[in-house]
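Under the UniProt record's numbering, the first residue of the sequence shown is numbered 5, with each subsequent residue one higher. Cβ atoms here follow ideal geometry from the backbone N, Cα and C, with glycine treated the same way. Since we're looking at a predicted model, the values are computed, not measured.
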Amino acid sequence: DDAVTMTDVRKTYRVGEPVHALDGVTLSIPRGSYTAIMGPSGSGKSTLMNLVGCLDTPTSGTVAVDGEDISTLSERERTRLRGTRVGFVFQTFNLMPRLNALENVALPQLFRSVGRTERHDRARNLLERVGLGDRLDHLPNELSGGQRQRVALARALVNDPAIVLADEPSGNLDTKTEADVLDLFEEFHDAGTTLIVVTHERHVAERADRIVHLLDGNVERIESLEGGSEKA
Ligand code: ADP
Ligand code: ADP
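What follows is the structure, encoded as structure tokens:
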């Protein structure tokens with residue numbers, strides 16, 4: 005059983021000339037694996053992540069996420085899947101501007117029936133683990149880019165999702181903070197979370213079990229890394 009199965013997935017944008025952002029991608033992501041996605045700008049990385057993150061549906065082909073075919077789900081069901089079983093760290097963070105860091109991280113737990121105290125305790129714990137224990141009351145616009153990125157990461161992890169997706173998760177971070185974030189990923193990976201990380205940075209990709217290289221909307225090759233858990 006895979007965390008994600010993409011079968012002959014095509015995504016075509018029609019703004020003037022059609023653009024085949026994904027052009028027949030077939031890819032399985034095993035449960036509990038740690039996958040890095042690399043490829044030049046325009047190769048389809050964001051499009052792939054938006055599909056796996058249930059933000060969008062394919063033009064053709066199927067995308068199964070945690071056992072559910074996303075194109076058969078209603079908008080509402082996709083929102084629930086995204087809120088509970090998939091955690092997504094966007095490049096643009098998408099934090100709620102009027103909520104402070106603690107409230108932003110606590111928010112996705114509204115999908116589950118846990119009380120306010122427990123929601124806040126868990127949010128505080130995650131913010132401490134990403135080094136923001138002293139920024140709980142700050143609004144997003146009172147935080148630096150790297151701090152906002154860590155709030156978004158804590159929010160993605162707060163429901164203990166089966167799958168965590170991150171688009172350039174360490175792009176704005178200094179070396180020390182990046183190391184902390186990558187260590188946190190490793191902790192979740194060790195606990196069985198499936199991780200999918202888009203990165204331009206080779207040293208970030210090398211923390212994964214394998215690297216999926218995209219080129220022009222296709223999987224160019226899959227590189228297994230030493231110590232990876234992938235079967236041939
Ligand atoms: P990167 O290669 O660093 O991921 P891009 O500039 O290719 O950055 O993409 C950034 C975001 O812009 C993505 O979310 C993508 O979906 C969106 N995007 C890229 N190209 C277009 C386009 N032609 N029209 C609308 N949105 C686009
Ligand atoms: P990457 O993340 O690897 O940079 P994207 O998935 O963002 O690649 O983009 C793949 C192709 O699809 C690019 O040619 C981009 O311009 C196009 N594209 C992406 N998003 C959109 C969109 N919302 N509308 C139109 N074209 C898009």
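6 angstroms CB neighbourhood of residue i in its chain, flanking five on each side removed
i	result
Q95	D171, E172
R154	V134, L136
Heavy atom of ligand 2 within 7 angstroms of residue i beta-carbon
i	result
S117	no
V23	yes
K49	yes
G175	no
residue 246	Residue 246 is absent from the model: the chain starts at 5 and stops at 236.
G20	no
G46	yes
G28	no
7 angstroms Cβ shell around residue i - same chain, five flanking residues per side excluded
i	result
R35	D5, D6, A7, T198
Residue i, DSSP secondary structure in three states
i	result
residue 237	Lying outside 5 to 236, the shown extent of the chain, residue 237 is not represented and no answer is given.
P112	helix
T16	strand
D73	strand
V67	strand
E39	The question names Glu, yet the displayed sequence has Thr at residue 39. The answer is strand: DSSP assigns T39 an E or B state.
E191	helix
S32	strand
T61	coil
G196	coil
L26	strand
T11	strand
A105	helix
R128	helix
residue 238	The displayed coordinates of the chain run from 5 to 236. Any statement about residue 238 would go beyond what the structure contains.
Residue burial classification, residue i (beta-carbon count within 10 angstroms, cutoff 16)
i	result
G91	buried
L218	buried
V19	exposed
H207	exposed
K49	buried
D194	exposed
P22	exposed
I200	buried
D213	buried
E146	exposed
Short CB-CB distance (under 8 angstroms) between residue i and chain B
i	result
Q153	The structure shown contains no chain B; it is built from a single protein chain.
Contact set for residue i: own chain, Cβ-Cβ below 8 angstroms, skip 5 residues either direction
i	result
T63	R14, K15, T16
Whole beta strand (DSSP E) runs in the segment 149-187 with 3 or more residues, listed along the chain?
167-171
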